[in-house]
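Residue numbers (my numbering), protein chains in the order written: chain E, 5 to 164; chain H, 35 to 115. Encoded as structure tokens, the structure appears first; notes follow it.
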């Protein structure tokens, strides 16, 4: 199940929703707000999301993970709105009988979420500037200069 | 033939356009053609392939047809996580 929220993510509460007597493994990923990006100090972040499509696309991703690996339960929650340094922006959790499936499915879900969900991140820098992550340059110059677009699955490294 | 289409802009596109959406008349055959017609709004010189499009709340291909009454959502490159 994919959820969007404007409230603080509580990983332990989320984890408990994955409990199952048949589960021998649980894997999770948390993405945190980092205080720097591309060498610039970041003071806070704003996430804009188009929630209706985030939920349908996120549910699709979780269903794909289910069809690929034998897992018991999987959930993902993503924040929107204004976040401070250190806050949890995204959480993914998977339970399964054995660890391999949980690790693989968890990795797949976070990678696809980063690639496919209509979510945008605006960074506010210590010097007062701000910018949309991933392509102010594209939009203004129309040139692909080798920076990250997150378009290819292998580019999606969680937590970057 | 002119069709009535509602367009919504997100994030950087919304800031460029100065509006979050509009209803307009267009003869664009595809989502990509509509995106090109509205360059003055979203400001993106990128090929549409670097951005995403949804039609009536479903993710769509850029060559998908746009029909009278459609709601077309233009998404700049995403950055979740």
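Where is the CB? At the ideal position from N, CA and C, for every residue including glycine. Quantities reported herein were computed from a predicted structural model and do not represent experimental measurements.
Subject >> Where residue 123/E sits in the DSSP three-state scheme >> reply: As a working mapping, residue 123/E is identified with position 119 in the first chain. DSSP places residue 123/E in strand when its eight states are reduced to three.
Original post:
Is the Cβ of residue 73/E closer than 9 Å to any Cβ of chain H?
Top reply: For the purposes of this step, residue 73/E is identified with residue 69 of the first chain, where counting begins at 1. No, no contact with chain H.
Original post:
Using DSSP with H/G/I as helix, E/B as strand and the rest coil, what is residue 142/E?
Top reply: Numbered from its first residue, the first chain carries residue 142/E at position 138. Residue confidence is low: residue 142/E scores 47 on pLDDT, short of 50, so the model does not pin down where it sits. Its coordinate-derived value is still stated next. If DSSP states are grouped into helix, strand and coil, residue 142/E belongs with the helices.
**OP:** Could you have a look at residue 108/H and say whether DSSP puts it in helix, strand or coil?
**Re:** Taking the first residue of the second chain as position 1, residue 108/H is located at position 74. It is a strand residue.
Subject >> Pick from 80/H, 106/H and 71/H that is closest to residue 88/H, judged by C-alpha positions >> reply: Numbered from 1 along the second chain, position 54 holds the residue referred to as residue 88/H. Out of 80/H, 106/H and 71/H, 106/H has the C-alpha closest to the C-alpha of residue 88/H.
Original post:
When DSSP labels each residue in this structure, what does residue 137/E get in the three-state scheme?
Top reply: Within the first chain, residue 137/E is the residue found at index 133, counting from 1. It is coil, neither helix nor strand.
**OP:** Keeping to the same chain, check which residues put their C-beta closer than 8 Å to that of residue 55/H; ignore five residues upstream and five downstream.
**Re:** Sequence index remark: in the second chain, residue 55/H carries index 21 (1-based). Taken in chain order, the residues that qualify are 40, 41, 42 and 43.
Original post:
Under the rule that 16 or more other beta-carbon atoms within 10 Å means buried, what is residue 56/E, buried or exposed?
Top reply: To locate residue 56/E, count along the first chain from 1; it is residue 52. By the 10 Å Cβ count, residue 56/E comes out exposed.
Original post:
Which partner residues of residue 90/H appear in the DSSP bridge assignment?
Top reply: Stepping through the second chain from its first residue, residue 90/H is reached at position 56. DSSP lists no partner for residue 90/H.
**OP:** Please list the partners that residue 82/E has in chain H, where partner means a Cβ-to-Cβ separation under 9 Å.
**Re:** Along the first chain, one-based indexing puts residue 82/E at 78. Correct list: 114 and 115.
Subject >> chain E contacts made by the stretch 97-108 of chain H, where a contact means CB separation under 9 Å >> reply: 107
Original post:
Does DSSP put residue 30/E in a helix, a strand or coil?
Top reply: Counting from one through the first chain, the residue named residue 30/E turns up at place 26. In the structure shown, residue 30/E sits in a strand (DSSP, three-state: E or B).
Original post:
Tell me which same chain residues have a C-beta within less than 6 Å of the C-beta of residue 5/E, skipping the five on either side of it?
Top reply: Within the first chain, residue 5/E is the residue found at index 1, counting from 1. Here the set comprises 79.
**OP:** Take residue 36/E and list the residues in its own chain whose beta-carbon comes closer than 8 Å to its own, dropping the five residues that flank it on each side.
**Re:** Numbered from its first residue, the first chain carries residue 36/E at position 32. So the list reads 90, 91, 92, 93 and 163, once near-sequence residues are dropped.
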